[in-house]
Amino acid sequence: MNVEFINPFLSSMLNVMSTMAQMELTPEKPKLKKGQVAMGDVSGLIGMVSEQAKGSLSITYDASLAIATMKGMVGEAPDSVNEEITDLVGEITNMVTGGAKRMLSEKGIEFDMATPVVVSGHEHTIHHKAKGPIVIIPLSSPHGKAYIEFSFDES
Numbered sequence: 006m007n008v009e010f011i012n013p014f015l016s017s018m019l020n021v022m023s024t025m026a027q028m029e030l031t032p033e034k035p036k037l038k039k040g041q042v043a044m045g046d047v048s049g050l051i052g053m054v055s056e057q058a059k060g061s062l063s064i065t066y067d068a069s070l071a072i073a074t075m076k077g078m079v080g081e082a083p084d085s086v087n088e089e090i091t092d093l094v095g096e097i098t099n100m101v102t103g104g105a106k107r108m109l110s111e112k113g114i115e116f117d118m119a120t121p122v123v124v125s126g127h128e129h130t131i132h133h134k135a136k137g138p139i140v141i142i143p144l145s146s147p148h149g150k151a152y153i154e155f156s157f158d159e160s
């Protein structure tokens, strides 16, 4: 998988969390994910298509980090994952993808993106649109972890 394609998403995720929620995330070593079970409690999944590739991105949060993110963004948050939290995760997925889309556009890579789908619950599954490998990058914080997953079929 092309690192040039992945880095804008990682950079955008770190930027969105830093500017919107005043939260610094620390990327860990990327690895290949086996299976479709999510690593966290609530996930935003967005499909993307370009002339160069088609696939999807997901951002999964531990419940504790999703709640802390909402608290950082709006000053208050519920005690558990509810509709407000799932809406927030969908919006962050949109913001991250939009930021990455701008960065990739500057490199001549254009893509269209779908509306994010949000799934939550313990051991929920994520079904990526591509048949290629799934790369997962854990992001750690004092409030829990987030995970960015990518799966693309390059043309």
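With my numbering, the residue at position 142 of the sequence shown is 147, and numbering never jumps. The beta-carbon is built from N, C-alpha and C at its ideal position, and this holds for glycine as well. Just so we're clear, the structure is a prediction, and the values are computed from it rather than from any experiment.
The continuous alpha helix (DSSP H) containing Gly77 extends over residues 68 to 79. Taking each of Ile97, Leu30, Gly49 in turn and checking the Cα distance to Lys150, the smallest one comes out for Leu30.
Spatial neighbours of Gly95 in its own chain (CB-CB distance under 6 Å, excluding positions within 5 residues in sequence) are listed in chain order as Gly49, Pro121, Val123. Inter-residue distance for Ile64 and Glu111 is about 23 Å (C-alpha atoms, whole angstroms). With fewer than 16 other beta carbons inside 10 angstroms of its own, Leu37 counts as exposed. In this structure, the CA atom of Met100 is about 14 Å from the CA atom of Asp117. Bounds of the alpha helix (DSSP H) holding Val8 are 8 to 26. DSSP, read as helix, strand or coil, puts Ile114 in coil. In the displayed model, Leu37 falls within a strand according to three-state DSSP. In summary, Asp92 is exposed, with fewer than 16 beta-carbon neighbours lying within 10 Å of its beta-carbon over all protein chains present. Between the beta-carbon of Asp84 and that of Asp67 there is about 14 Å, and that puts the pair past the 8 Å contact cut.
Nearest to Lys34 by C-alpha distance, out of Ser156, Ser145, Asp158, is Ser145.
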